[in-house]
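K.L.:
Chains A and B are the protein sequences, given in the same order.
Take this note's numbering: the final residue in the first sequence is number 190, and no numbers are missing along the way.
Take this note's numbering: the final residue in the second sequence is number 190, and no numbers are missing along the way.
Number of protein chains: 2
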Amino acid sequence: MLRISKMTDYAVVLATHLAATKEPHAARDLALETQIPEPTTSKVLKQLSRAGVVASQRGAKGGYTLARPAHEIGIEEVIQAIEGPIAVTECSDESTDSLCEYEPNCGVRANWQRINHAVHQALSQITLADMAFPFVDTLITIARSGKEAERARLGESPQGDAH
Amino acid sequence: MLRISKMTDYAVVLATHLAATKEPHAARDLALETQIPEPTTSKVLKQLSRAGVVASQRGAKGGYTLARPAHEIGIEEVIQAIEGPIAVTECSDESTDSLCEYEPNCGVRANWQRINHAVHQALSQITLADMAFPFVDTLITIARSGKEAERARLGESPQGDAH
DNA sequence: TGAATACAGGACTGAACCAGTCCTATATGT
DNA sequence: ACATATAGGACTGGTTCAGTCCTGTATTCA
Ligand code: SF4
Ligand code: SF4
Numbered sequence: 028m029l030r031i032s033k034m035t036d037y038a039v040v041l042a043t044h045l046a047a048t049k050e051p052h053a054a055r056d057l058a059l060e061t062q063i064p065e066p067t068t069s070k071v072l073k074q075l076s077r078a079g080v081v082a083s084q085r086g087a088k089g090g091y092t093l094a095r096p097a098h099e100i101g102i103e104e105v106i107q108a109i110e111g112p113i114a115v116t117e118c119s120d121e122s123t124d125s126l127c128e129y130e131p132n133c134g135v136r137a138n139w140q141r142i143n144h145a146v147h148q149a150l151s152q153i154t155l156a157d158m159a160f161p162f163v164d165t166l167i168t169i170a171r172s173g174k175e176a177e178r179a180r181l182g183e184s185p186q187g188d189a190h
Numbered sequence: 028m029l030r031i032s033k034m035t036d037y038a039v040v041l042a043t044h045l046a047a048t049k050e051p052h053a054a055r056d057l058a059l060e061t062q063i064p065e066p067t068t069s070k071v072l073k074q075l076s077r078a079g080v081v082a083s084q085r086g087a088k089g090g091y092t093l094a095r096p097a098h099e100i101g102i103e104e105v106i107q108a109i110e111g112p113i114a115v116t117e118c119s120d121e122s123t124d125s126l127c128e129y130e131p132n133c134g135v136r137a138n139w140q141r142i143n144h145a146v147h148q149a150l151s152q153i154t155l156a157d158m159a160f161p162f163v164d165t166l167i168t169i170a171r172s173g174k175e176a177e178r179a180r181l182g183e184s185p186q187g188d189a190h
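1. Just to confirm the assignment, what range does the alpha helix (DSSP H) spanning Val105/A have?
2. So what does Ala82/A bridge to, in DSSP terms?
3. In this structure, does DSSP put Thr154/A in helix, strand or coil?
4. Tell me whether Met28/B is buried or exposed, calling it buried when 16 or more other Cβ atoms sit within 10 Å of its Cβ.
5. May I have the straight-line CA-CA distance separating Glu10/A from Glu103/A, to the nearest angstrom?
6. Say whether chain B places a C-beta atom closer than 8 Å to the C-beta of Leu29/A.
7. Could you check if Tyr129/A belongs to the surroundings of ligand 1, using beta carbon to heavy atom distance under 7 Å?
8. Looking at Ser36/B and ligand 1, is the gap between the Cβ and the nearest heavy atom below 7 Å?
9. From Ile31/A, Arg30/A, Lys33/A, Gly86/A, pick the residue whose C-alpha is nearest to that of Ala54/A; which is it?
10. Who are the neighbours of Gln62/B on chain A, taking C-beta pairs under 7 Å?
11. Please determine, among Pro161/A, Leu75/A, Tyr129/A, the residue with the shortest C-alpha to C-alpha distance to Asn138/B.
12. Quick one: Cα of Leu45/B to Cα of Leu57/B, how far?
13. I'd like to know whether the C-beta of Val80/B is nearer than 8 Å to at least one C-beta of chain A.
14. Taking the alpha carbon of Asp124/A as the reference point, which residue from Gln140/A, Gly79/A, Ile109/A has its own alpha carbon closest?
15. If you measure from the beta carbon of Asp36/A to each beta carbon in chain B, is any gap under 8 Å?
16. In whole angstroms, give me the CA-to-CA distance for His190/B and Asp157/A.
17. Counting only C-beta atoms, is Gly90/B closer than 8 Å to chain A at any point?
18. Per DSSP, what are the beta-bridge partners of His52/B in this structure?
19. Just tell me which of Lys88/A, Gly79/A, Gln84/A, Asn143/A has its CA closest to the CA of Glu99/A.
20. Once you ignore the five residues that flank Ser76/B on each side, which residues in its own chain have a CB closer than 8 Å to its CB?
21. Check the C-beta distance from Ala42/A over to Val105/A and give it rounded, since I have them as a contact under 8 Å.
22. Under the criterion of a Cβ to heavy atom distance below 7 Å, does Val115/A qualify as lining ligand 1?
23. By the three-class DSSP mapping on this structure, what secondary structure does Ser32/A have?
24. Please list, in chain order, all residues of the same chain as Gln107/A whose beta carbon is under 8 Å from its beta carbon, the five residues on each side excluded.
25. Please confirm whether any heavy atom of ligand 1 lies closer than 7 Å to the CB of Arg136/A.
26. Our contact map puts Val135/B next to Val39/A with C-beta atoms below 8 Å; I'd like the distance itself, whole angstroms only.
27. Which same chain residues end up closer than 6 Å to Leu59/A when comparing Cβ atoms and leaving out the 5 residues on each side of it in sequence?
28. If the cut is a Cβ gap below 7 Å, which residues of chain A does Thr123/B touch?
29. Could you give the distance in angstroms between the alpha-carbon of Asn132/B and the alpha-carbon of Glu50/B?
30. Terminal residues of the continuous alpha helix (DSSP H) containing Val115/A?
31. When we look at the beta-carbon of Ser122/A and count the other beta-carbons within 10 Å, is it buried (16 or more) or exposed?
Next up, the structure:
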């Protein structure tokens with residue numbers, strides 16, 4: 028399904044919630060506001076804290092705030108904090124040199140890596156500030172380059188010698 | 028990690044392999060060419076067949092061919108054949124009215140659905156003919172619309188009353 | 001100081017999903 | 001008939017995920 032995990036979803040919801048104010052929010056309060064169970068909320072926020080997405084303050088009057096302004100935090104960063112690096116395929120993990128056993132003779136590897144990069148870029152550019160308002164549709168569109176003609180030509184004869 | 032399953036990866040590799048010729052390929056032959064184990068290859072191809080991505084011919088001299096020309100089959104279709112509808116979040120499944128329990132008071136739902144739609148579009152436009160050659164980078168780019176200024180302004184004051 | 005608050009870290013569990021194999025049935029060509 | 005090759009589905013071990021809970025530490029304030 029190409030889906031982010033539930034925990035990651037919670038993370039985006041919570042982080043977006045934090046974007047609303049600069050006051051520290053206790054995990055318990057955020058749980059009440061979002062309806063997400065408190066232990067789970069706490070777990071997610073701890074992970075976000077370790078990843079540097081949110082800052083934490085212990086003790087009474089403590090809580091969580093965003094580590095930086097909302098418009099400087101891309102949701103890719105939030106996703107990565109919970110799930111690790113974005114990698115659409117096993118071979119497109121840019122952090123580790125993860126080796127797929129089929130890699131030596133795999134013809135689609137290079138293209139998957141480019142697709143992965145595009146997704147990564149798109150999610151990096153959408154910030155928590157964007158998520159707080161319904162304007163994302165004006166920000167993200169997938170555009171084909173002017174090489175459409177070339178592609179169509181190649182597409183007509185995929186078995187041709189196109190080296 | 029926002030990853031497609033291994034089976035889906037195999038499906039794209041196999042389908043791209045089929046794009047090279049119009050002759051029927053037996054599952055066994057494809058398995059040898061791609062190094063993917065034969066039972067797994069067979070399973071994946073059967074799923075692709077049921078989804079209408081590939082056509083099958085039983086009996087001696089039989090095998091699999093693409094159901095349509097390679098440049099008419101988007102990889103989104105291949106992914107969907109194995110994993111079901113693309114849905115980045117639970118609420119962004121366009122096929123079913125899947126209801127998330129947090130949906131009523133979730134502020135990021137609309138934006139996730141737009142992101143999901145963009146990803147869906149991008150993967151639909153990349154065809155098997157594209158995957159057979161390293162030209163995808165010329166085809167997919169993420170573009171921001173001209174509303175960047177508006178966004179930046181909003182991003183500066185996410186806590187402001189922007190209703 | 002001591003109590004209350006709130007985060008940090010990690011262990012733990014049941015459930016769901018995934019990867020891969022195998023068996024039986026059916027269709028096709030020689 | 002017989003060999004070939006797909007169709008469908010059952011089945012299993014392993015892994016990952018969602019969620020909870022416990023112990024420890026830092027901070028505030030009376
Ligand atoms: S190398 Fe090929 S088979 Fe291996 S993960 Fe990448 S795309 Fe998939
Ligand atoms: S409604 Fe909100 S919480 Fe539910 S799946 Fe969609 S984004 Fe996630």
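Ideal Cβ placement from N, Cα and C applies to all residues, glycine included.
Every value quoted in this text rests on a predicted model; they were computed, and no experiment measured them.
P.N.:
Working from what's here:
1. Numbered from 1 along the first sequence, position 78 holds the residue referred to as residue 105/A. For Val105/A, the enclosing alpha helix (DSSP H) has its first and last residue at 102-110.
2. Taking the first sequence and counting its residues from 1, the one referred to as residue 82/A is at position 55. Per DSSP, Thr92/A.
3. To locate residue 154/A, count along the first sequence from 1; it is residue 127. Residue state for Thr154/A is assigned as strand, using DSSP reduced to three classes.
4. In the second sequence, residue 28/B corresponds to position 1, counting from 1. Here Met28/B is buried, its C-beta having at least 16 other C-beta atoms within 10 Å.
5. This structure cannot settle anything about residue 10/A, because the visible part of chain A is limited to 28 through 190.
6. For the purposes of this step, residue 29/A is taken as residue 2 along the first sequence, with counting starting at 1. The beta carbon of Leu29/A falls within 8 Å of a beta carbon belonging to chain B, placing the residue at that interface.
7. On the first sequence, residue 129/A is found 102 positions in, with the first residue counted as 1. True, at least one ligand heavy atom lies under 7 Å from that Cβ.
8. Here residue 36/B is taken as the residue at index 9 of the second sequence, counted from 1. According to the sequence as given, residue 36/B is Asp; it is not Ser. At least one heavy atom of ligand 1 lies closer than 7 Å to the C-beta of Asp36/B.
9. As a working note, residue 54/A is residue 27 in the first sequence. Taking only the C-alpha atoms, the option nearest Ala54/A is Gly86/A.
10. Position 35 of the second sequence, counted from the start, is the residue given in the question as residue 62/B. Going along chain A in sequence order, the residues near Gln62/B (Cβ under 7 Å) are Tyr129, Asn132.
11. The residue labelled residue 138/B in the question sits at position 111 within the second sequence. Comparing alpha carbon positions, the residue from Pro161/A, Leu75/A, Tyr129/A closest to Asn138/B is Pro161/A.
12. By 1-based counting over the second sequence, the position of residue 45/B is 18. By 1-based counting over the second sequence, the position of residue 57/B is 30. Straight across, the Cα-Cα distance linking Leu45/B with Leu57/B is about 8 Å.
13. What you label residue 80/B is simply residue 53 of the second sequence in a count that begins at 1. So, not an interface residue.
14. Taking the first residue of the first sequence as 1, we reach residue 124/A at position 97. Nearest option by C-alpha distance: Gln140/A.
15. As a first step, residue 36/A must be located in the first sequence, where it is residue number 9. Contact of Asp36/A with chain B is assigned, a C-beta pair being separated by under 8 Å.
16. What you label residue 190/B is simply residue 163 of the second sequence in a count that begins at 1. What you label residue 157/A is simply residue 130 of the first sequence in a count that begins at 1. Only weak support exists for where His190/B lies, its pLDDT of 37 falling under 50; the value from the coordinates is given anyway. Rounded to the nearest angstrom, the two C-alpha atoms are 14 Å apart.
17. For the purposes of this step, residue 90/B is identified with residue 63 of the second sequence, where counting begins at 1. It does not; no Cβ of chain A falls within 8 Å.
18. On the second sequence, position 25 is the one that residue 52/B refers to. Here His52/B is bridged, per DSSP, to Tyr91/B.
19. Position 72 of the first sequence, counted from the first residue, corresponds to residue 99/A. If we check each option's Cα against that of Glu99/A, Gly79/A comes out closest.
20. Locating residue 76/B in the second sequence gives position 49, counting from the first residue. Excluding residues within five positions, the ones whose Cβ falls inside 8 Å are Ala82, Ser83, Tyr91.
21. Looking up residue 42/A in the first sequence gives position 15. Looking up residue 105/A in the first sequence gives position 78. Correct: roughly 5 Å between the Cβ atoms.
22. Working through the first sequence from its first residue, we reach residue 115/A at position 88. Distances between the C-beta of Val115/A and the heavy atoms of ligand 1 are all 7 Å or more.
23. What you label residue 32/A is simply residue 5 of the first sequence in a count that begins at 1. Secondary structure of Ser32/A (DSSP, three-state): coil.
24. As a working note, residue 107/A is residue 80 in the first sequence. Around Gln107/A: Ala78, Ile113.
25. Taking the first sequence and counting its residues from 1, the one referred to as residue 136/A is at position 109. Relative to ligand 1, the nearest heavy atom lies less than 7 Å away from the CB of Arg136/A.
26. The count along the second sequence starts at 1 and reaches residue 135/B at position 108. The count along the first sequence starts at 1 and reaches residue 39/A at position 12. Rounded to the nearest angstrom, the Cβ distance from Val135/B to Val39/A is 6 Å, consistent with a contact under 8 Å.
27. The residue given as residue 59/A occupies position 32 in the first sequence. There are no such residues.
28. The residue labelled residue 123/B in the question sits at position 96 within the second sequence. The CB of Thr123/B never comes closer than 7 Å to any CB in chain A; the least such distance is about 11 Å.
29. The count along the second sequence starts at 1 and reaches residue 132/B at position 105. The count along the second sequence starts at 1 and reaches residue 50/B at position 23. Looking at the backbone, the Cα of Asn132/B and that of Glu50/B are separated by about 54 Å.
30. Locating residue 115/A in the first sequence gives position 88, where the first residue counts as 1. For Val115/A, there is no enclosing alpha helix (DSSP H), as DSSP gives it neither H nor E.
31. Indexing the first sequence from 1 puts residue 122/A at position 95. Exposed.
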